């Protein structure tokens, strides 16, 4: 097998290497030095800052050139200068690369033979190969060893699905690759442990999730048990995320996938359970049985789990799924495997399953708000008793066990109709309404997004006062979560900027300040039938670096409270 694979790549003729016809730029000089094994030149170019990981216009790297040319000295010099042994080849074959680059195939052929190697099969596909693949093809044990010692991954596969070892026909090279497979796996494990120690999962999640400390802590603890081998290997890890819409449930699932898998597209599977509300839609889940339409296509879930058995699978709005689908999911959670419509078993005990649901979201939100109110009262009382204004208020609140058992559990039992389904869930994670400080962070994040958009797209600088954040945070709706903040910023700020832009009041290079105003002619009646000034957000054009001039934009009705405001 190895010999036949190797023959696919080699022409089968041995020709003397042609002289390299490269330009005089530093880029070309590095490739030429790698080709002719000029170690001194490689070191000189690296010292003056030439990137040793740069790519040739057709897709290969200097390290690949040195490896395929059997230049051990050049390989070592490039590795010492920081060359990445795991970079992948982008060159496919002469004809496809010519089409992709818009070049004549003869030009690509000549360049490939002159500047890379004239011993390779022009029709074989090389995309995804590493320097190690080329070293194995050339049957150079010393270069293979040098690459492995520098951290080359012997398990990396090219686009044809072949690791470097598949092309080895020298027993010494084969033995070397097998030996370093275990060493590399252990080295990677140690690196991951050290990386997790320096940068814990909680900190990674906090970079993307605002608030939800309880949810982050619970999820991180469960994943830590799994990573370090302290979990039941016969069952997959199962979470149920509960809370209102727009509060971070889906985003947390995505961040788990990003942490667990480098290839998020392959390692994250999202199933919208609103598509599985009918009995017959079970077939979409695991595949149609023989004789039915869609049998050959397979199931949407089973097909993706075959591709990545340790994926993070999100079952979004799980309460909408048909009971028969829940039965399939129970088997999945209980046994860690599924049988598809073709009768084939898909093993997925190493997967992580995350269900999100809006079940009990109202009572969880109300309970969370009540807990925050009680924490606020306790904090105020402590300040009054001690007379210390510097006492910090902790915003960490915890859902009581009594609330979970007496309020949440009966709701879940009515929806899922069976105790065993709930019993297979490792962690039920609660997402609570945002606190005031978290709302300000959300508003700040949204404002920074629009400031970046204004600068990148329109060359306009966007500034805002601190009071603007508090006013916009007031648009928070506990039922819609962070989405309500996003819509509030768009409605009260972005709308005004768009009108000013349309009317030519702002231009590239200008600076806009967003401020709060309470004009005397804008009044509203509260529940006590007393007039109250509404905070109005307005735009100001900053002139001469300091002076701000109001942009008197017309007021429009506010549909939320039937009063008038500046959008």
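Residue numbers (UniProt numbering): 1 to 567.
All C-beta atoms in this analysis are idealised placements derived from N, C-alpha and C, irrespective of residue type, glycine included.
Predicted model, so just to flag it, every value in this text is computed and none were measured.
DSSP, read as helix, strand or coil, puts residue 192 in helix. Take residue 507, set aside five residues on each side of it, and no residue of its chain has a beta-carbon closer than 7 Å to its own. Under the three-state reduction of DSSP output, residue 503 falls in the coil class, being neither helix nor strand. Runs of the alpha helix (DSSP H) lying entirely within the UniProt domain "Clp ATPase C-terminal" (434-523) and spanning at least 4 residues, in chain order: 436-458, 466-473, 482-489 and 495-502.
Taking the Cα positions, residue 553 is about 35 Å away from residue 248. Boundaries for residue 210: no alpha helix (DSSP H) harbours it, and the DSSP string shows neither H nor E there. Residue 130 holds the alpha-carbon nearest to the alpha-carbon of residue 88 among 58, 130 and 79. The alpha carbon of residue 25 has as its nearest neighbour, out of 37, 39 and 51, the alpha carbon of 51. Rounded to the nearest angstrom, the Cβ distance from residue 468 to residue 542 is 15 Å, too far for a contact under 8 Å.
Spatial neighbours of residue 316 in its own chain (CB-CB distance under 7 Å, excluding positions within 5 residues in sequence) are listed in chain order as 250, 270, 271, 272, 273 and 356. Boundaries around residue 270 are those of the beta strand (DSSP E), 268-272, since no alpha helix (DSSP H) includes it.
Collapsing the DSSP output to three states places residue 329 in a helix.
Residue 61 counts as buried, since no fewer than 16 other beta carbons sit within 10 angstroms of its beta carbon. Straight-line spacing of the CA atoms in residue 408 and residue 314 works out to 21 Å. A distance below 8 Å separates the beta carbons of residue 41 and residue 29. Residue pairing of residue 401 in beta bridges, as defined by DSSP: absent, with no partner found. Per the C-alpha coordinates, the member of 502, 482, 535 and 492 positioned closest to residue 244 is 482. Membership of residue 64 in any beta strand (DSSP E) is not indicated; the residue belongs instead to the alpha helix (DSSP H) covering 62-68. If you look at residue 416, you'll find it in the alpha helix (DSSP H) that goes 409-416. Shortest Cα-Cα distance from residue 139 to any of 39, 111, 173 and 153 involves 173. Here the alpha carbons of residue 451 and residue 463 stand approximately 8 Å from one another.
For residue 260, the enclosing alpha helix (DSSP H) begins and ends at 249-260. When beta bridges are read from the DSSP output, residue 548 appears opposite 542. When the beta-carbon positions are compared, residue 211 and residue 490 stay at least 8 Å from each other. Comparing C-alpha distances from residue 325 to each of 71, 67, 278 and 311 shows the shortest one belongs to 278. A distance below 8 Å separates the beta carbons of residue 256 and residue 223. If you ignore the 5 residues before and after residue 447, its C-beta comes within less than 7 Å of the C-beta of 464 and 489, all in its own chain and listed in chain order. In the structure shown, the three-state DSSP call for residue 52 is coil.
When DSSP states are grouped into helix, strand and coil, residue 339 belongs to the strand group.
In the three-state DSSP reduction, residue 163 falls in the strand class (E or B). By the C-beta criterion, the region 181-191 is judged not to be in contact with the region 102-110, since fewer than 3 inter-stretch pairs fall below 8 Å. Note that the C-beta distance between residue 412 and residue 422 is below 8 Å.
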